[in-house]
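In the numbering used here, the protein residues as written are 0 to 98.
Don't be surprised by glycine CBs; every beta carbon is placed ideally from N, CA and C.
Worksheet: one structure, shown below.
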């Protein structure tokens with residue numbers, strides 16, 4: 000029973016705050032802009048997560064910003080290079096099958 004009163008009070012307070020904020024046209028427009036900005040940020044984040052950004056693409060590339068990969072390959076490790084080559088072969092085979 001007490002939870003209903005708490006939920007009702009929270010709902011009423013939220014509705015009152017929303018009415019206060021949305022009463023002024025400038026605040027409404029500001030809120031719309033912030034919502035659009037937040038929406039764009041979330042969409043960009045989702046797109047970024049969906050892109051294939053595999054570290055395999057960087058394996059064995061002797062660049063300065065990938066020093067750990069360079070050191071690994073310099074020490075003789077070819078795992079990353081072999082894995083990359085296998086993925087490339089699989090992609091070529093899939094392309095041949097699809098055409």
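Item                                                                                 : Value
Local conformation of residue 15 per DSSP, three classes                             : helix
Pairwise C-alpha distance: residue 6 and residue 20                                  : 21 Å
Local conformation of residue 40 per DSSP, three classes                             : helix
Between the CA atoms of residue 28 and residue 36 - distance to the nearest angstrom : 12 Å
Alpha helix (DSSP H) segment containing residue 75, residue limits                   : Segment: none, residue 75 is in no alpha helix (DSSP H) and carries neither H nor E.
DSSP-derived helix/strand/coil call for residue 29                                   : helix
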